[in-house]
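Working notes, structure below.
Numbering (the working numbering), first residue to last: 2 to 83.
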(Lines of atoms letter the chains of each structure in order from A and count residues from 1; the text may use other names and numbers.)
(Lines give C-alpha, C1' and ligand atoms only; values in the text may rest on other atoms or scores of the structure.)
Protein backbone atom coordinates (compact mmCIF):
# COMPACT_ATOMS: atom_id res chain seq x y z
CA UNK A 1 0.00 0.00 0.00
CA UNK A 2 2.83 2.42 0.86
CA UNK A 3 4.67 1.64 -2.36
CA UNK A 4 1.50 2.13 -4.40
CA UNK A 5 0.98 5.56 -2.81
CA UNK A 6 4.57 6.53 -3.57
CA UNK A 7 4.25 5.39 -7.18
CA UNK A 8 1.03 7.36 -7.57
CA UNK A 9 2.58 10.45 -5.94
CA UNK A 10 5.76 10.31 -8.00
CA UNK A 11 4.43 9.29 -11.40
CA UNK A 12 5.66 11.02 -14.53
CA UNK A 13 4.14 14.47 -14.91
CA UNK A 14 4.14 15.28 -11.19
CA UNK A 15 6.80 17.56 -9.74
CA UNK A 16 8.40 14.74 -7.74
CA UNK A 17 8.11 12.35 -10.66
CA UNK A 18 9.76 14.80 -13.03
CA UNK A 19 12.62 15.36 -10.59
CA UNK A 20 13.17 11.62 -10.13
CA UNK A 21 12.95 10.92 -13.85
CA UNK A 22 15.30 13.80 -14.65
CA UNK A 23 17.88 12.72 -12.10
CA UNK A 24 17.84 8.93 -12.46
CA UNK A 25 16.04 7.85 -15.62
CA UNK A 26 16.96 10.49 -18.20
CA UNK A 27 20.56 10.74 -16.98
CA UNK A 28 22.19 7.33 -16.60
CA UNK A 29 25.77 8.54 -16.21
CA UNK A 30 25.60 7.77 -12.48
CA UNK A 31 24.72 4.16 -13.30
CA UNK A 32 27.57 3.81 -15.77
CA UNK A 33 30.01 5.12 -13.16
CA UNK A 34 28.65 2.77 -10.47
CA UNK A 35 28.90 -0.25 -12.78
CA UNK A 36 32.42 0.58 -13.92
CA UNK A 37 34.41 -2.69 -13.77
CA UNK A 38 37.31 -0.91 -12.01
CA UNK A 39 34.98 0.33 -9.25
CA UNK A 40 33.44 -3.12 -8.87
CA UNK A 41 36.92 -4.65 -8.59
CA UNK A 42 37.82 -2.06 -5.94
CA UNK A 43 34.66 -2.92 -3.99
CA UNK A 44 35.48 -6.62 -4.15
CA UNK A 45 39.00 -5.88 -2.91
CA UNK A 46 37.70 -3.80 0.03
CA UNK A 47 34.63 -5.92 0.88
CA UNK A 48 36.40 -7.95 3.59
CA UNK A 49 37.57 -4.76 5.31
CA UNK A 50 34.09 -3.20 5.16
CA UNK A 51 32.61 -6.46 6.42
CA UNK A 52 35.00 -6.66 9.36
CA UNK A 53 34.17 -3.14 10.53
CA UNK A 54 30.50 -3.64 9.78
CA UNK A 55 30.44 -6.61 12.14
CA UNK A 56 32.50 -4.75 14.74
CA UNK A 57 30.14 -1.75 14.82
CA UNK A 58 26.94 -3.62 13.87
CA UNK A 59 26.52 -1.73 10.58
CA UNK A 60 25.71 -3.24 7.20
CA UNK A 61 28.99 -3.44 5.31
CA UNK A 62 27.27 -2.22 2.15
CA UNK A 63 26.36 1.01 3.94
CA UNK A 64 30.02 1.49 4.84
CA UNK A 65 30.97 0.74 1.23
CA UNK A 66 28.38 3.22 -0.08
CA UNK A 67 29.70 5.96 2.19
CA UNK A 68 33.30 5.22 1.20
CA UNK A 69 32.36 5.29 -2.48
CA UNK A 70 30.41 8.54 -2.13
CA UNK A 71 33.18 10.21 -0.13
CA UNK A 72 36.19 9.23 -2.22
CA UNK A 73 35.24 6.83 -4.99
CA UNK A 74 37.34 4.26 -3.06
CA UNK A 75 40.42 6.46 -3.52
CA UNK A 76 42.46 6.04 -0.31
CA UNK A 77 44.77 8.92 -1.27
CA UNK A 78 42.07 11.61 -1.09
CA UNK A 79 42.14 13.90 1.93
CA UNK A 80 39.42 16.28 3.06
CA UNK A 81 40.08 20.01 2.93
CA UNK A 82 40.72 21.74 6.23
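Note that beta-carbon positions come from the ideal geometry of N, C-alpha and C, so glycine has one too. Since the structure is predicted, the reported quantities are computational estimates derived from the model, not experimental observations.
#1: How far does the alpha helix (DSSP H) with residue 77 in it extend, from its first residue to its last?
#2: Based on the DSSP secondary-structure assignment, which residues constitute the bridge partners of residue 15?
#3: Determine the burial state of residue 2: buried for a count of at least 16 other Cβ atoms within 10 Å of its Cβ, exposed for fewer.
#4: Quick one: give me the first and last residue of the alpha helix (DSSP H) that residue 24 is part of.
#5: Under 9 Å between the Cβ atoms of residue 44 and residue 66?
#6: DSSP state of residue 41, grouped into three classes?
Quick look at the numbers:
#1: For the purposes of this step, residue 77 is identified with residue 76 of the chain shown, where counting begins at 1. Neither: residue 77 is in no alpha helix (DSSP H) and is coded neither H nor E.
#2: For the purposes of this step, residue 15 is taken as residue 14 along the chain shown, with counting starting at 1. For residue 15, which the question treats as bridged, DSSP gives the partners 13.
#3: For the purposes of this step, residue 2 is taken as residue 1 along the chain shown, with counting starting at 1. With fewer than 16 Cβ atoms within 10 Å of its Cβ, residue 2 is classed as exposed.
#4: Translated into positions along the chain shown, residue 24 becomes position 23. Residue 24 -> no alpha helix (DSSP H), and no H or E assigned at all.
#5: As a working note, residue 44 is residue 43 in the chain shown. As a working note, residue 66 is residue 65 in the chain shown. Their beta carbons are under 9 Å apart, which means residue 44 touches residue 66 by this criterion.
#6: Position 40 of the chain shown, counted from the start, is the residue given in the question as residue 41. In the structure shown, residue 41 falls within a helical segment according to DSSP collapsed to helix, strand and coil.
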